[in-house]
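Taking the working numbering as reference, the numbering of the sequence shown is continuous, increasing by one, and the terminal residue is 149. The beta carbon of each residue, even a glycine, is placed where N, CA and C say it ideally should be. These numbers were taken from a predicted model, which means no experiment stands behind them.
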Amino acid sequence: MSSVKGVNYTNITADPIVKVDSEVLGGKMRVSYDSYEASSLASGSDITIGRIPTNATIMDVVLKCDALGGSSTLTVGDSGDADRYLAAVGTWNAAGQTQSMLGGSTAANTAMTGLGYRTTAETDIVITTGGATISGSIHCWVMYTVE
Numbered sequence: 003m004s005s006v007k008g009v010n011y012t013n014i015t016a017d018p019i020v021k022v023d024s025e026v027l028g029g030k031m032r033v034s035y036d037s038y039e040a041s042s043l044a045s046g047s048d049i050t051i052g053r054i055p056t057n058a059t060i061m062d063v064v065l066k067c068d069a070l071g072g073s074s075t076l077t078v079g080d081s082g083d084a085d086r087y088l089a090a091v092g093t094w095n096a097a098g099q100t101q102s103m104l105g106g107s108t109a110a111n112t113a114m115t116g117l118g119y120r121t122t123a124e125t126d127i128v129i130t131t132g133g134a135t136i137s138g139s140i141h142c143w144v145m146y147t148v149e
């Protein structure tokens, strides 16, 4: 059996202590929330849903939606990577479905690209539709730290 330490814990218990960025230890958690009511929104459309400040560290992105229509998909990303936070998953054909980076329910959301991603400039969060025309409510929360 082994006793090991996480990266940040190792740094704060080192002698001398190694500085840890406040975004990952002791930083202030912020939430950006927005929603969009889609009405026959075409596949391939972009919905800009939030703006995250420079030097923010993304902790989670959560989507909760109505039944948007059979074969519909959503990705969440930014200008640098269209699915940095959530890759296209299943179909959004049942009301109340939820997907998140931390609690994604499919293999498509196990990608680690966006977990702990630190923005280098103000960054717009963009949802991209796919698969089919959609109608219904889309809710998005972005949890991030700054300091």
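Is the segment 68 to 83 touching the segment 12 to 31, taking contact as three or more C-beta pairs under 8 Å?
Verdict: no, contact absent.
Can Ile-40 and Ser-137 be called in contact, C-beta distance under 7 Å?
Position 38 of the sequence shown, counting from 1, holds the residue named residue 40. Position 135 of the sequence shown, counting from 1, holds the residue named residue 137. Correcting the residue identity first, residue 40 is Ala in this sequence and not Ile. Yes; because the gap between Cβ atoms is below 7 Å, this pair is in contact.
Which residue marks the beginning of the beta strand (DSSP E) containing Tyr-38, and which one marks its end?
One-based indexing of the sequence shown puts residue 38 at position 36. First-last of the beta strand (DSSP E) with Tyr-38: 30 to 43.
CA-CA distance, Tyr-146 and Met-61?
Translated into positions along the sequence shown, residue 146 becomes position 144. Translated into positions along the sequence shown, residue 61 becomes position 59. Taking the straight line from one Cα to the other gives about 5 Å.
With a Cβ-Cβ cutoff of 7 Å, do Val-64 and Ser-102 count as a contact?
Taking the first residue of the sequence shown as 1, we reach residue 64 at position 62. Taking the first residue of the sequence shown as 1, we reach residue 102 at position 100. Inclusion of Val-64 and Ser-102 in the CB contact set at 7 Å is warranted, their separation being smaller than that value.
Helix, strand or coil, according to DSSP, for Asp-48 in the structure here?
For the purposes of this step, residue 48 is taken as the residue at position 46 of the sequence shown. In this structure, Asp-48 counts as strand in the three-state DSSP scheme.
Cut-off 6 Å between Cβ atoms - residues of its own chain near Ser-47, not counting five sequence neighbours on either side:
One-based indexing of the sequence shown puts residue 47 at position 45. Thr-131, listed in sequence order.
Nearest-angstrom Cα separation, counted from Ile-51 out to Ile-129
Taking the sequence shown and counting its residues from 1, the one referred to as residue 129 is at position 127. Taking the sequence shown and counting its residues from 1, the one referred to as residue 51 is at position 49. Rounded to whole angstroms, the gap between the alpha carbons of Ile-129 and Ile-51 is 7 Å.
If you check the beta carbons only, do Thr-56 and Thr-15 fall under 7 Å apart?
Taking the sequence shown and counting its residues from 1, one reaches residue 56 at position 54. Taking the sequence shown and counting its residues from 1, one reaches residue 15 at position 13. Contact: no.
Our contact map puts Gly-133 next to Thr-93 with C-beta atoms below 8 Å; I'd like the distance itself, whole angstroms only.
Within the sequence shown, the letter at position 131 stands for residue 133. Within the sequence shown, the letter at position 91 stands for residue 93. Indeed, because the Cβ distance is near 7 Å, the residues count as touching under 8 Å.
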